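Numbering (our numbering), first residue to last: 1 to 313.
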């Protein structure tokens, strides 16, 4: 049961109010259940929507499910979870994620395995022969891989290669877990399956583990980033994986991103700040995010009935 610690009102897991002490004879428990939310599950992930009338989820499912399904994320467990708070606006957090222009100077651990190629984080992957070759090899093995993006730009899937012989985000490039996520995906060097869904999540799904990130603005200058590392449900810590090897790269990368985002916010707050241009080579992904955000907000400014950003996650 769910019990409110304040007055001990008690709810069933479906939200129905079961017990409320001393509320009088006219009190109807059926009128005071928890607020329902729209909920969808896809490939082991749960998507919620806080709108009164949720938009059609079918297009999201149609794009995302084929990419997630082979990895059977419903058969995984959370091996480790961490939450950090960045002293920066959530848009800076997203812009930082949507490019690797900053990676060489900021992420020595990540750059052992993750390519800085603009096509990997941007929207022009189809122009790079190495990526196209990777897609062909993975597709031949039955893994959907080509770059796909929603017509409004809100979500995207693609499978991208890692550097050289790397198979995972570890310091050695070797698998972090001896037990693969799924027996359906045993092809070597499949790289990372990338999924983002604005405004709240980006994800990496590899052969041995998955890493899920949730972005939650706490205020104009604070953003909470929660990271979860998923391994096969039967993987044993200390036998199949160690927390240090599994998490070292992204713990370091998250902290490095926190620092540069906070420095970026500090600069933007300066009265001397003037915005400059984006790199057309390295920041195509940033431009795509900004275009999505501006298009979304423009509709609201014009008075169109669209949900708040907090309701489209």
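We treat Cβ as the ideally placed atom computed from N, Cα and C, and that holds for glycine. Just so it is clear, the structure is predicted and the values come from calculations on it, not from any experiment.
- [ ] Give the single residue among 82, 121, 164, 70 whose Cα lies nearest to the Cα of residue 95.
- [x] Ranking the options by Cα distance to residue 95, first place goes to 121.
Open item on the list: Quick check on the DSSP output: the alpha helix (DSSP H) that includes residue 297 runs from which residue to which?
Closed with: Boundaries of the alpha helix (DSSP H) harbouring residue 297: 284–301, taken from the DSSP string.
TODO: Determine, using beta carbons only, whether residue 265 and residue 92 come nearer to each other than 9 Å.
DONE: Against a cut-off of 9 Å, the Cβ pair of residue 92 and residue 265 comes out as a contact.
Task: Within the stretch 243–281, ranges of the beta strand (DSSP E) (whole runs, at least 3 residues) - done: none
TODO: If I'm right that residue 224 touches residue 230 with Cβ under 8 Å, what's the distance once you round it to whole angstroms?
DONE: That pair is no contact at about 19 Å.
Task: Cut-off 6 Å between Cβ atoms - residues of its own chain near residue 240, not counting five sequence neighbours on either side - done: Answer for residue 240: 177, 178, 179, listed in chain order.
Open item on the list: Distance check for residue 28 and residue 11, CA to CA, integer angstroms please.
Closed with: 14 Å
TODO: Can you give me the start and stop residues for the beta strand (DSSP E) that residue 212 sits inside?
DONE: 210–219
Task: Closest residue to residue 154 among 304, 302, 2, 295 (Cα-Cα distance) - done: 295
Task: Helix, strand or coil at residue 156 according to DSSP, with G and I counted as helix - done: strand
Task: Reduced DSSP category for residue 190 - H, G, I as helix; E, B as strand; rest coil - done: Annotated three-state conformation of residue 190 is coil, per DSSP.
Task: Spatially closest choice to residue 204 from 299, 156, 245, by CA coordinates - done: 156
Task: Per-residue DSSP class, three states only, for residue 91 - done: If DSSP states are grouped into helix, strand and coil, residue 91 belongs with the helices.
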